[in-house]
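Everything on this sheet refers to the single structure shown next.
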Amino acid sequence: MASPEASLLASTRMKKYVERALAKPIPATPKRSLHVLDISGLGLSSLAGLPAVILDTAHLVDARHNDKLFHFYGLSTMKQLLVLDVRHCNITTFAGASLQPQLAHVLLEGSPLSMHPQVRIMAVLAFGTSVQSVDGVAVLPVERRAAQAMGGSGSSAAMCVALGLTSLEVPSNGEDANEYFRQLALVLKDRFLHDAREYVDKLHTLDAVMRRLHPTPSRGTPWMFPPTRWREVSEDEVANLTSSSPPLPSGLNSSMLTPTLHHNEQHQPSRELSRQQPVAVHVHHEEMERWKAIQWSRVVEATTKLY
């Protein structure tokens, strides 16, 4: 058995060791740099034409100030995409949106779609459950449950949103909601293909614009993004970008987004929602009409500028 003197000495040594260890600053976890693709201000009408290397490595797409961009036509699945910034464009629908496995933040400020009362529900349906916020406003639990109850990403409702649907209300005539969205998707698909042919200016797709700005040495040679369009930012910069956005639109609050479940199943646990029929997310009629009026005035104004 150790003597009291030996125990005291060991205790003193341990105390000094702990004091020295605590005096050393704990090294901070290094923050990774995020790759940003800058395609802002190019007058794009489509996001088609991103090279495979960009699709695999870009964390943030900066497509701001493209006034001919009305939709997400041409946007492919991007493995690392965390932030999609299309502020100050003329986005009116989620037409052309595809599943983005890691997309957390969508920035739509300045586009008509940003004022839609159901924009966060539609974003979750169109891009997937990874979406955390739209314009800095977090997706509310009731909105996430509503998207889940409609079938989530990959469902007929999600397909309708990606084909340009801007209202998630289901007819109240007793029709099965899943069947309603399935039939609606067939109709919207034809219109989607027609609009893609008619309204996407082929001279202003990403591929066409970049080839004009940065011509290749010989015809047929693959073009590359110049260094000026490809930069790195810190995680802190991205956090500031996605948190400094406006609150809910005026006159709209979370109580207006309460989903109405069929068959009086409001009290079932949330894990049961995926087995229920889709929900109709009701908003005030005046709020929806106000959004429609603003949307179409912006569309008319932007379309007039093209001609």
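Using the UniProt record's numbering, read the sequence shown as starting at 1 and increasing by one per residue. Yeah, the Cβ is synthetic: ideal placement off N, Cα and C, and Gly gets one too. It should be emphasised that the depicted structure is a prediction, and the values quoted were computed from it without experimental measurement.
Beta-carbon spacing of Thr93, His59 below 8 angstroms: No, the pair does not count as a contact, with Cβ atoms beyond the cut-off.
The alpha helix (DSSP H) enclosing Arg212, as first and last residue numbers: 206-213 is the extent of the alpha helix (DSSP H) around Arg212.
First through last residue of the alpha helix (DSSP H) which encompasses Leu84: Not the alpha helix (DSSP H): Leu84 falls in the beta strand (DSSP E), residues 83-85.
Buried or exposed by the 16-neighbour rule on C-beta atoms within 10 Å, applied to Leu273: Unreliable placement is indicated for Leu273, whose pLDDT of 31 sits below 50; the coordinate value is still reported in the next sentence. Its Cβ being crowded by 16 or more others within 10 Å, Leu273 is buried.
For Arg32 and Leu186, the rounded distance between their alpha carbons: Whole-angstrom Cα-Cα distance: 44 angstroms.
Which of helix, strand or coil DSSP assigns to Leu184: Three-state DSSP puts Leu184 in a helix.
CB of Val83 within 8 angstroms of CB of Met122, strictly: Inclusion of Val83 and Met122 in the CB contact set at 8 angstroms is not warranted, their separation being larger than that value.
Cβ neighbour criterion (16 or more within 10 Å) applied to Gly43: Label assigned to Gly43: exposed.
Euclidean distance between Cα positions of Asn178 and Met159: The straight-line gap separating the alpha-carbon atoms of Asn178 and Met159 is approximately 12 angstroms.
Val238 versus Asp176: straight-line alpha-carbon distance, rounded: Whole-angstrom Cα-Cα distance: 42 angstroms.
Nearest residue (CA-CA) to Gly74, options Asn240, His204, Leu107, Pro226: If you compare the alpha carbons of Asn240, His204, Leu107, Pro226 with that of Gly74, the shortest gap goes to His204.
Backbone secondary structure at Thr104 - three-state DSSP: One detail in the question is off: residue 104 reads as Ala in this sequence, not Thr. DSSP places Ala104 in coil when its eight states are reduced to three.
Three CB pairs or more closer than 8 angstroms across the segment 107-117 and the segment 140-158: Flag = no, the segment 107-117 and the segment 140-158 do not touch.
Nearest candidate by alpha-carbon position, reference Ala48, set Asp85, Lys68, Leu206: For the residues Asp85, Lys68, Leu206, the minimum Cα distance to Ala48 belongs to Leu206.
C-alpha gap between Ala95 and Ala157, whole angstroms: Looking at the two C-alpha atoms, the distance is approximately 13 angstroms.
Whether Val170 touches Val134 by CB criterion (8 angstroms): No, these two residues do not count as a Cβ contact at 8 angstroms.
Local Cβ density within 10 Å of Val53, reported as buried at 16 or more and exposed below that: Looking at its Cβ environment, which holds fewer than 16 other Cβ atoms inside 10 Å, Val53 is exposed.
Residue 315 in three-state terms, based on DSSP: With the chain represented from 1 up to 307, any question about residue 315 goes unanswered, as that position is not in the structure.
Rounded straight-line distance, which links the Cα of Asn90 to that of Thr166: Looking at the backbone, the Cα of Thr166 and that of Asn90 are separated by about 15 angstroms.
Beta-carbon gap between Ser76 and Leu99 smaller than 8 angstroms: Their beta carbons are not under 8 angstroms apart, which means Ser76 does not touch Leu99 by this criterion.
DSSP state of Arg191 mapped onto helix, strand, coil: Three-state result, Arg191: helix.
Glu232 - containing beta strand (DSSP E), residue span: First-last of the beta strand (DSSP E) with Glu232: 230-234.
Residues bridged to His35 [DSSP beta-bridge criterion]: According to DSSP, which records beta bridges pairwise, His35 is partnered with Glu232.
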